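Let me begin by presenting the structure, written as structure tokens, before commenting on it.
Numbering (this note's numbering), first residue to last: 304 to 540.
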């Protein structure tokens, strides 16, 4: 069996890998639910909201709407689906964003992980399928921006994950070959399957402990477990 090239770079997803986007989203949706007296269960509201994001994101990526326009459209559709008459997407966006931003926080161990990777001499990038204006602000707000060498957002790649060109753009930004990099993230499709198809290694951040589609892929439930999985020495970690 051929020996793998030495690891030189770690590429990480942002939302729900380093940044607690799920908690922020729930805070924003809770504010909307209270304001509009919505009766659906929080998990159902979260799932409905996620479905609208998936439907609208292609419009954002194609440039048909900007980030704000995408939010207004999302909340107009979401509230309309939930029976709110003549929903005001602008007002809903302002309400949601205020609560969402107030809850911004890194996931536990994010800063320690990035410091450990840098101490081990590894290059670090964040590769995220969202717009730079939002993602750069999030990264700076939780004070992680100084710990990464490159941030690649949807504007910085030929196509979003899981297109192979997304991972190759991150590798090029770090000056490494795909075989010298590992992709780390919570999405099996975007951070594991796509990365493997592009020639990178991958680690699945599987916090809920779901069954892996491929049990041969290494996984962690917390960021604290990643340095040991990557073979970093205790001194580096």
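Each residue gets a CB set at the ideal place from its N, CA and C atoms; glycine is no exception.
Computed from a predicted structure; not experimentally measured.
What did DSSP end up calling residue 365 once you bin it into helix, strand or coil? If DSSP states are grouped into helix, strand and coil, residue 365 belongs with coil.
### Message
Using a Cβ distance threshold of 8 angstroms, determine whether the segment 374-394 contacts the segment 497-505, with at least three qualifying pairs required.
### Response
They do not touch, by the three-pair rule.
Problem set entry | Contacts around residue 329, its chain only, beta-carbon distance under 7 angstroms, and the 5 residues preceding and following it disregarded | Cβ neighbours of residue 329 beyond the five flanking positions: 345 and 349.
**Study point:** Three-way DSSP call (helix, strand, coil) for residue 442 in this model
**Key:** DSSP places residue 442 within a helical segment (H, G or I) once states are collapsed to three.
Q.
Quick check: what's the CA-CA separation for residue 412 versus residue 462?
A. Using only the alpha carbons, I get a separation of about 30 angstroms.
Please classify residue 427: does DSSP put it in a helix, a strand, or coil?
Residue 427 carries a strand assignment under DSSP once its states are collapsed to helix, strand and coil.
N-terminal and C-terminal residue of the beta strand (DSSP E) that residue 498 is part of: Segment 497-500 is the alpha helix (DSSP H) holding residue 498; no beta strand (DSSP E) there.
*Tell me the DSSP bridge mates of residue 504?*
Bridge partners of residue 504: 485.
Distance, residue 375 Cα to residue 395 Cα: Those two C-alpha atoms are separated by around 7 angstroms.
Span separating the alpha-carbon of residue 377 from that of residue 534 = Answer to the nearest angstrom: the Cα atoms are 43 angstroms apart.
- So, is residue 438 buried or exposed, given that buried needs 16 or more other C-beta atoms within 10 angstroms? In this structure residue 438 is buried. Its beta-carbon is surrounded by 16 or more other beta-carbon atoms within 10 angstroms.
On the CB-based measure, 16 or more other CB atoms within 10 Å of its CB, does residue 371 come out buried or exposed? Label assigned to residue 371: exposed.
Quick one: residues in its chain with C-beta nearer than 7 angstroms to the C-beta of residue 362, no 5 flanking neighbours on either side, listed in chain order?
-> Hits under 7 angstroms: 368 and 373.
* Classify residue 352 as buried or exposed, calling it buried when 16 or more other Cβ atoms lie within 10 Å of its own Cβ. => Residue 352 comes out buried.
Three-state class that DSSP yields for residue 530 in the structure shown
Residue state, collapsed to three classes: helix.
Exposed unless 16 or more other CB atoms sit within 10 angstroms - verdict on residue 505: Classification for residue 505: buried.
query = What's the gap between the Cα of residue 475 and the Cα of residue 357?
reply = Spanning the two alpha carbons is a distance of roughly 28 angstroms.
* **Spatial distance of residue 452 from residue 332 (CA atoms)** => The straight-line gap from Cα to Cα measures roughly 33 angstroms.
Considering only the alpha carbon of each residue, which of 518, 334 and 507 lies closest to residue 525? In this structure, 507 is the residue among 518, 334 and 507 with its C-alpha nearest to the C-alpha of residue 525.
| task | Whole angstroms is fine: what's the gap from residue 532's alpha carbon to residue 434's? | result | Roughly 30 angstroms separates the two Cα atoms.
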